[in-house]
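Residue numbers for the sequence shown follow our numbering, so the first one is 29 and each next one is one higher. The beta-carbon is built from N, C-alpha and C at its ideal position, and this holds for glycine as well. None of the values given here were measured: they were computed from a predicted structure. First comes the structure, then the notes that go with it.
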Amino acid sequence: MVDATSAGLTPADKAALTSGASFWRTEAAVGLPAVTLTDGPHGVRMQPGSADHLGLGQSAPATCFPPAAGLAQSWDHRMVERVGAALGDEARALGVGVLLGPGINIKRDPRCGRNFEYYSEDPLVSGVLGAAWVRGVQGRGVGASVKHFAANNAEHDRMRSDSRVEARPLHEIYLQGFRRVIAESHPWTVMCSYNKINGVYASENRWLLTDLLRTRWGFTGVVVSDWGAVSDRVRALAAGLDLAMPGGDSGLDAEVVTAVEDGRLDPAAVDASAARVLGLLARAARAPHPAPVDLDAHHRLAREAAARCIVLLKNSGDTLPLRRDAALAVLGPFAAHPRFQGGGSSHVNASRVDIALDEIRSRSSGDVTYGAGYGSAADQERLLEEARAAARAADAVVLFLGLSDRDESEGYDREHIDLPAEQLDLLRAVTEAQPCTIVVLAHGGVVRLAEVDRLAAAVLDGALLGQGGGAALADVLFGVVNPSGRLAETVPVRLEDAPSFLNFPGEHSRVVYGEGLFVGYRGYDARGTAVTYPFGHGLSYTTFEYGDAAVVTDGEDLAVTVAVTNTGPRAGREVVQVYVAKADSAVLRAPQALVAFEVVDLPRGATEPVTLRVPRSDLAYWDDRVGDWVVEGGVYTLRVGRSSRDIRSCTSIEVPGDAVHLPLTANSTITEVLADPEAGPRLMSMFAETMPAGADVAGLGMDVFAMVASIPLNRLTAFVGRDASAALEQILGRPESTID
Ligand code: BGC
């Protein structure tokens, strides 16, 4: 790393380095050019003119790949890495040194307005795909900025809201994806979020930015603030925030210098942050020269990626794929005006956009009619009537439904998860007229689908597919592509079923994560709640059979193997999922948690053994008593299947646990003391001494122990009738002054 002190920088130079020079740029220093940072996760939003972080101003044309909500449905880290590499190339060609993504926050509640920019309700999916994205981008010499660190799971009041999260869910659910991305792909930067975590702003949170991120996880890059997340530069620098963005206010840099001069800020903190920013400048300066970008090739990749993200939710009676010569009524405005990305800072000026209606027409040899089906209130009856007539006249209807740009966006949350009423009216009218109706969905956050599932013959879910979505959907509809996407978020029957329902979005700038560990499928499974479509669900035009799963140890880790056979009529891609369960656990656990997944391509009739590694460390829970990860010893069941609710085979293995050394204290219970090899016998002999003459301590019945088992030592001394401190010293074997 470049040493900011020896580089001969003045205190003012160093302070200046720790904030941007302008909206999107750092300072230049010591002969290194400034670095441009820009959004975002699914396309480069390079603004040549006026700058904003709301997606308002124009940006240079770029490829809009599927946003995270769509991309995650591929469950395919190789695909995500390829998308990342293409993004890296486009960023470099536009002079961007750091791309502000990926967004890997957990989809805690279906209403979060920014769920379209996040991958999953599950930390493994978020972490694995986030790491792949970073590898792809950074492999092209452009830095990533994994965001928003941390516990930023709602848009409501996002700049002030305090996320109150217990230690276990914080580590096991909300931080876990970040930990994985940092360990596996070493992002150049981490972006801290706007919100507070347990009372302290992320930007001022020393525990988060220094103790955890750097000291425990070993992160060596730059912590950059979300745009406008820093309200106190001095406190932020002291906490470990290196680069406050956006920049341009030199008054704040002067405040940093003053704080150092009057002793409020350790100069070492400024030196360290300035050095890290210089390190970032040096890294970016080493990037290879940009090559011209082939936007046609990237558009093809955007289509390929989009096709992998489409989930076949339902396909009764093999409605899909469609025959090429089928007469089709294509209905719904999204067929002609696609919704393919979300609103806000990630909004991309797409280089081109595939229109599903055109793509369907170009692949079809039959009649294809189009109708909007809904629109202004005045036209509603007429549009519905036309839709009914078109539906009756066709062999099948392809009905496009979903959420519009207005329904969801960065900056605000939704209040419900229903499809708009006029769309449901259209669905009812059309399915009555034509039972062979295929619904195609576009949305960023989850929508309620109970009625769609009941009425439609087939359902395709694209979430948001980026600029190639139209062609990808047509390919799936006609069977050019066999769908293989899987839901990365549960579709509940009702919003009220969501585990976070009563704790979202909080009140008075405070949100209690009351559902704890039970986020997404963990919560639905724990309560046995019926869902419309479970986490991990996705059908195919072929069928798969699973053999018996087996698990062996591989060093410390586990290797789960299962043979998967393509038993259906065509080649297909399967996403094999492994969930872990532990009965009789001493700690609270979800009934099952995803621990591995792998994509496998299988020609028709082929069988392949699929081996999935489960690192032993991924079996650990966060033990707040010791402030560390602990693997509990005992039998673990590995549940292998097609989705969280379609488990095909289970296998078990005994795993040795970690020893947990909890120092005994005055507050330790009799049970805890007796379990200790040294203090236990001492306590027993003390019992013997204090027992009435002739009592047989060793022969005490278990029920007597059960009665006293939970008494802490410091209360017990009151019963034993001796000097309490002396008794404690004797049992714990150390002087009273060292006992807490
Ligand atoms: C968003 C970030 C984004 C930044 C810059 C903020 O409002 O939360 O995700 O990277 O703006 O546009």
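### Query
Which residues does DSSP pair with T397 in a beta bridge?
A357
### Query
Under the criterion of a Cβ to heavy atom distance below 7 Å, does S373 qualify as lining the ligand BGC?
yes
### Message
I want to know whether the segment 114 to 128 touches the segment 60 to 72 - three or more CB-CB distances under 8 Å.
### Response
yes
### Query
By DSSP, does K342 sit in helix, in strand, or in coil?
strand
### Query
Mind pulling the alpha helix (DSSP H) runs of 4 or more residues that sit fully within the segment 154 to 186?
none
### Query
Which same chain residues, not among the five before or five after Y147, have their C-beta less than 7 Å away from its C-beta?
A96, A100, I132, V153, S154, L157, G158, A516
### Sub-8 Å separation of D299 and K42 beta-carbons
yes
### Query
Who are D481's beta bridge partners in DSSP?
Beta-bridge pairing links D481 to no other residue.
### Message
Just to confirm the assignment, what range does the alpha helix (DSSP H) spanning M107 have?
### Response
105 to 121
### Query
Where does N594 land, buried or exposed, given buried means 16+ other C-beta within 10 angstroms?
buried
### Query
Nearest CA to the CA of A354: which residue from E764, V642, C464?
C464
#### Entry: Opening and closing residue of the alpha helix (DSSP H) in which F206 lies
204 to 213
#### Entry: Exposed unless 16 or more other CB atoms sit within 10 angstroms - verdict on G583
exposed
### Contact between the segment 336 to 350 and the segment 124 to 131 (3+ Cβ pairs under 8 Å)
no
### Query
Does DSSP put R538 in a helix, in a strand, or in coil?
strand
### Query
Roughly how many angstroms separate the alpha carbons of V250 and A485, rounded to a whole number?
51 Å
### Query
Looking at the unbroken alpha helix (DSSP H) that takes in C337, where does it start and where does it end?
323 to 337
### Residue span of the alpha helix (DSSP H) that contains A502, given as start and end
497 to 505
### Query
Is M735 helix, strand or coil when you go by DSSP?
helix
### Task
Compare the Cα-Cα distances from L198 to each of R673, E682, E543, A599 and report the closest residue.
E543
### Query
Taking the alpha-carbon positions, what's the D768 to R762 distance?
11 Å
#### Entry: Identity of the residues DSSP links to N594 by a beta bridge
F572
### Message
Quick check on P720: buried or exposed, where buried means 16 or more other Cβ atoms within 10 Å of its Cβ?
### Response
exposed
### Query
For Y222, which residues does DSSP report across the bridge?
DSSP lists no partner for Y222.
### Query
When burial is assigned at 16 or more other CB atoms within 10 Å of the CB, is R476 buried or exposed?
buried
### Task
Drop a sphere of 10 angstroms on the beta-carbon of Q462, count the other beta-carbons inside from all chains shown, and report buried for 16 or more, exposed for fewer.
buried
### Task
Count the other C-beta atoms from every protein chain shown that fall within 10 angstroms of the C-beta of T668, then say buried if there are 16 or more, exposed otherwise.
According to the sequence shown, residue 668 is Val rather than Thr. Its Cβ being crowded by 16 or more others within 10 Å, V668 is buried.
#### Entry: Segment limits, alpha helix (DSSP H) that includes T286
278 to 289
### Message
To the nearest angstrom, how far is the alpha carbon of W103 from that of I681?
### Response
26 Å
### Query
Are L492 and A384 closer than 8 Å when you measure CB to CB?
no
### Message
Considering only heavy atoms of the ligand BGC, does any lie closer than 7 Å to the CB of G68?
### Response
yes
### Message
So for I759, helix, strand or coil by DSSP?
### Response
helix
### Query
Starting from S713 and walking both ways along the beta strand (DSSP E), at which residues does that stretch end?
S713 -> not in any beta strand (DSSP E); alpha helix (DSSP H) instead, spanning 707 to 718.
#### Entry: Pairwise C-alpha distance: G662 and S432
50 Å
#### Entry: Residue interval of the alpha helix (DSSP H) (run including I466)
Note, I466: premise wrong, no alpha helix (DSSP H); beta strand (DSSP E) at 465 to 470.
### Query
Thinking C-beta only, is V193 closer than 8 Å to Y541?
yes
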